């Protein structure tokens, strides 16, 4: 199940090929992307994200305290 | 039941809205307060009795036996310090007491490096109306009460 959520987050971030780096920071995933404009904010929120902050190709997805676990689940899939 | 949440640092209590980070200022991960720390090297202590469930040099979460999780974040964007200037005294999974030291840091050094050293203390995933007695605008020392979390 955890992998399913990670998989969906990857998809919402534009797929594995769009992800340069994902770094967890307690409450959020800091995602460095090839192209930040393709991020599906609605899908991320549907997956439980509290918020999505964009700054060019760096997108921060606020997921709450499960950020660490999610980031390692995502890294396993990349 | 009410959970007393103590201050992890010595300083002045301010509203979360004063924190220069939307995740905290908009209470995206929960309500709480922030403490503007005294600019001197100091120990940071656990706000509650519980288990250290998440531990980074610059931030940690302590969860109580009944599942209340309190997040302490030492400064804003301080993940970029990559642990420099933070000395940990516990390990992830350790049981700690309120007031027990978790990490030593120097807010003055963090500020000199260009980061806001303000410390959000968050009742994770709580709604704002379960917090009472917020010690806003008070000067606190470590382990003084910041707020009561009604459980």
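Residue numbers (my numbering), protein chains in the order written: chain X, 26 to 103; chain V, 511 to 661. Quick reminder that beta carbons are idealized off the backbone N, C-alpha and C, glycines included. Quantities reported herein were computed from a predicted structural model and do not represent experimental measurements.
Chain V contact residues for residue i, given Cβ-Cβ distances below 7 Å
{"i": "residue 79 of chain X", "result": "By Cβ distance, chain V contributes nothing, its closest Cβ being about 12 Å from residue 79 of chain X, past 7 Å."}
{"i": "residue 39 of chain X", "result": "By Cβ distance, chain V contributes nothing, its closest Cβ being about 22 Å from residue 39 of chain X, past 7 Å."}
Check whether residue i and residue j have beta carbons under 7 Å apart
{"i": "residue 38 of chain X", "j": "residue 50 of chain X", "result": "no"}
{"i": "residue 631 of chain V", "j": "residue 554 of chain V", "result": "no"}
{"i": "residue 658 of chain V", "j": "residue 642 of chain V", "result": "yes"}
{"i": "residue 654 of chain V", "j": "residue 517 of chain V", "result": "yes"}
{"i": "residue 645 of chain V", "j": "residue 515 of chain V", "result": "no"}
{"i": "residue 605 of chain V", "j": "residue 551 of chain V", "result": "no"}
{"i": "residue 43 of chain X", "j": "residue 59 of chain X", "result": "yes"}
{"i": "residue 521 of chain V", "j": "residue 547 of chain V", "result": "yes"}
Cross-chain neighbours of residue i in chain V, by beta carbon under 9 Å
{"i": "residue 93 of chain X", "result": "564 and 566"}
{"i": "residue 51 of chain X", "result": "539, 564, 566, 568, 569, 570, 571, 581, 583 and 589"}
Element boundaries [beta strand (DSSP E), containing residue i]
{"i": "residue 547 of chain V", "result": "542-547"}
{"i": "residue 525 of chain V", "result": "521-525"}
{"i": "residue 80 of chain X", "result": "76-80"}
{"i": "residue 48 of chain X", "result": "44-50"}
{"i": "residue 57 of chain X", "result": "53-58"}
{"i": "residue 97 of chain X", "result": "No beta strand (DSSP E) holds residue 97 of chain X; the alpha helix (DSSP H) holding it covers 92-102."}
{"i": "residue 513 of chain V", "result": "512-516"}
{"i": "residue 84 of chain X", "result": "83-87"}
Exposure of residue i, with buried meaning 16 or more beta-carbon neighbours within 10 Å
{"i": "residue 588 of chain V", "result": "buried"}
{"i": "residue 511 of chain V", "result": "exposed"}
{"i": "residue 585 of chain V", "result": "buried"}
{"i": "residue 661 of chain V", "result": "exposed"}
{"i": "residue 95 of chain X", "result": "buried"}
{"i": "residue 531 of chain V", "result": "buried"}
{"i": "residue 63 of chain X", "result": "exposed"}
{"i": "residue 40 of chain X", "result": "exposed"}
{"i": "residue 93 of chain X", "result": "buried"}
{"i": "residue 89 of chain X", "result": "buried"}
{"i": "residue 638 of chain V", "result": "exposed"}
{"i": "residue 69 of chain X", "result": "buried"}
Neighbour list for residue i in chain A, Cβ cutoff strictly below 8 Å
{"i": "residue 638 of chain V", "result": "Structure shown: chain A not included; protein chains present are X and V."}
Partners in chain X for residue i, counting only beta-carbon separations shorter than 8 Å
{"i": "residue 634 of chain V", "result": "89 and 90"}
Residue i, enclosing alpha helix (DSSP H) - first and last residue
{"i": "residue 658 of chain V", "result": "Per DSSP, residue 658 of chain V belongs to no alpha helix (DSSP H); it is in the beta strand (DSSP E), 655-660."}
{"i": "residue 626 of chain V", "result": "That residue, residue 626 of chain V, is in no alpha helix (DSSP H); it is neither H nor E in DSSP."}
{"i": "residue 69 of chain X", "result": "66-71"}
heavy atom of the ligand MG below 6 Å from residue i C-beta
{"i": "residue 593 of chain V", "result": "The ligand MG is not part of this structure, which contains no ligands at all."}
Under 8 Å from the C-beta of residue i: neighbouring residues of chain V
{"i": "residue 76 of chain X", "result": "532, 533, 536 and 538"}
Ordered list of alpha helix (DSSP H) runs contained in the segment 535-622 of chain V, each at least 4 residues
Within the segment 535-622 of chain V, the complete alpha helix (DSSP H) runs of at least 4 residues are 617-622.
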